[in-house]
Each structure stands twice: as structure tokens, then as C-alpha cells.
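Residue numbers (the numbering used here): 3 to 308. Virtual Cβ for every residue (Gly too), placed ideally from N, Cα, C.
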């Protein structure tokens, strides 16, 4: 069965009316960082931060009627577990053409590393929309290197401007990320935030597709443009196995033992394709982790791009 639509906590958010412009809404007015918006006095943690056990072979898929072949069917889980016995690996795919879902080790909760920056961007764009304005030049000066080059200082700058962990936990609630636990009250260890692959795809669906969620088209266009502009040396991961001519809007996470890759893979002109998140941790080095993520990506692309 498909994943049920989660109830989004939107508070006083007034959704903007969809507009015809596809340009990036950016003001030319330079200004100081935004003040922190009001937040509840207490915000409960959203999920356990316990690291899951190593790979299991459990797989699930959506309704088989009309679905493409499950990339995780058969012995795929067992083979990955045997080849990477000390690695924690989870993946989730949402086929935009059929609505079918596919998951590998869906119970896993793993570190986001720089994949967390997708939520930082989503919250920044939503703040601009809530205030009825365009994205400020200062905000774009932070978002651009944060997404396209995975720069870390912009995360800290935006973190401080919005009030730290309480504000970001609030964004997690707004976007319905029930399986994500945002950490780092001091703003220094945000990459230790834990999440599920399905939560990351659910966020991408709201940020890039917009059939659900609070963001209107002009703000989603900002996110899409940035995620399509990642520097070449960081376009590994979910690009593996994708046919020539398809486009990939992505964000990777790489820190210590963690190697992740998330995004939207789309055939130009179709505006469909699939959303995907591959999260892994436990690696002795980055090349080994990247190779494994790309192995999983090829399995997914082989099924989803037929």
C-alpha cells in the first residue's frame, strides 16, 4: 500500500497562491540575518536517536498493480548484507508516475550528515513564504554554497539567524518528518541528526514536486535550481545508472562514517521520474561508501528508468 499522507502542522501558515513565474524569487535588497520567529516554549523530540542494527534483508514495496519491478526484491537485501556486514544501509524510492513505493530496511534511523541541508533550505524558503516576501539576497548567498558545494558555514549562519534547534525542530514538524530527530542545540553537530530514508523522500516531495506540503511554486523553483547546480565533484550517488539525458536534482551527505545521497531523478519533459534517498553509515573511507551507494542507485535506476 502507498504511504498515507501525513498531517502537516502548519500553524498560522497561509499558503501562497500558485503563480505563473518560474524565475528564482530573489530580492536585491541586502540586509542583516533574519530574526528568529516565535517558537513554542517546548518542542518534543521527533524520534529516537538510537542507531539501528546492521542491514537486514527486509524489503517492502507499494501496491503491485501497475508498479515497476521492485529494485529490492528477491535476494538483494541478503546480498547487500553479506557484502557489507558492518554497514547500516537503508533506501526508499517513490515512483512519481505510478505512486508506488519501494524500501530497503525501512526501520533504520541514520545520520543525515549534509543531507540535513535540504531541511535547512526548505525551512528558509518557507520562512520567506510565510512572511509574504521574496528570498533575500543574504539568504541566497547562504543557500547557494550550502547546496551546490555543501559548504558548512552557511548552515551555522542560518542556524543562528533562525534561533537554532527549536526552530529547526519546528520545521521538522511542519514538513511532517515524524522519523527525524534534530540534534545540535549548540549548532555544531547538526549532521548527527538522525532520519529515515522515507522521511527524506517525503521532504523532497514537498520541496521539489509540491503535490503535497506548504511550499508554493516560486519557492520550490529556487530549491530545484540549486539542487540541479551541484558542483561536478559532488554529483556521485543517485546519478549512477541514470540514462544519458535525464536530470538529477540532488544533495549528498558525506562526513566520517556516513555516506548519503538523496534527490529527484527525472526524464526531461516528463516532470515525473522518481524521488530517492540512500542512507549509509559505518564506512572506513568515503570511496567505499560512494561505491556502495552507487551500486544501490544502479539497482534503482534499472527498475525506475525502463
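Cβ-based burial, residue i [other Cβ within 10 Å; buried from 16]
i	result
residue 239	buried
residue 287	exposed
residue 245	exposed
residue 137	buried
residue 156	buried
residue 310	Nothing about residue 310 can be read from this structure; the chain reaches only from 3 to 308.
residue 258	exposed
residue 76	exposed
residue 14	Unreliable positioning characterises residue 14 in this predicted model, as indicated by a pLDDT of 30, which lies under 50. The coordinate reading is nonetheless provided below. When all chains shown are included, residue 14 counts as exposed.
residue 302	buried
residue 139	exposed
residue 6	With a pLDDT of only 41 at residue 6, under 50, the local geometry of the prediction cannot be trusted, and no value is derived from it.
For residue j and residue i, the rounded distance between their alpha carbons
i	j	result
residue 164	residue 78	43 Å
residue 271	residue 249	10 Å
residue 90	residue 214	30 Å
residue 159	residue 101	37 Å
residue 223	residue 283	31 Å
residue 294	residue 308	22 Å
residue 170	residue 180	13 Å
residue 285	residue 110	16 Å
residue 221	residue 277	19 Å
residue 227	residue 268	14 Å
residue 247	residue 82	29 Å
residue 98	residue 192	30 Å
residue 281	residue 134	35 Å
residue 216	residue 304	32 Å
residue 121	residue 306	25 Å
residue 2	residue 131	Past the edges of the chain, shown from 3 to 308, lies residue 2, and the structure says nothing about it.
residue 185	residue 68	40 Å
residue 207	residue 144	23 Å
residue 205	residue 162	22 Å
residue 210	residue 202	12 Å
residue 129	residue 266	23 Å
residue 198	residue 236	22 Å
residue 212	residue 218	7 Å
residue 96	residue 108	13 Å
residue 232	residue 92	23 Å
residue 178	residue 262	21 Å
Closest residue to residue i among the options (Cα-Cα distance)
i	options	result
residue 242	300, 123, 138	300
residue 289	260, 302, 304, 307	260
residue 149	254, 73, 178	254
residue 151	129, 234, 168, 291	234
residue 167	197, 154, 183	183
residue 154	262, 269, 256	256
residue 87	296, 291, 120	291
residue 85	297, 303, 306	297
residue 70	280, 147, 275	275
residue 118	279, 105, 131, 237	279
residue 103	121, 114, 116, 73	73
residue 230	203, 264, 185, 204	264
residue 273	262, 251, 258	251
residue 113	195, 139, 203	195
residue 116	218, 147, 212	147
residue 142	225, 92, 266, 96	225
residue 106	218, 200, 178	200
Exercise for the section: Take every Cβ of the stretch 123-141, pair it with every Cβ of the stretch 167-177, and state whether three or more of those distances are shorter than 8 Å. Expected result: yes
Handout entry: Sequence ranges, beta strand (DSSP E) only - wholly within the stretch 148-204, length at least 3
Key = For the stretch 148-204, not a single whole beta strand (DSSP E) run of length 3 or above is found.
Handout entry: alpha helix (DSSP H) segments (min. 4 residues) lying fully within the stretch 211-292
Key = 219-229
Handout entry: 3-residue-minimum beta strand (DSSP E) runs that sit fully inside the stretch 78-162, ordered along the chain
Key = If you keep only unbroken beta strand (DSSP E) runs of at least 3 residues inside the stretch 78-162, you get 90-97, 103-106.
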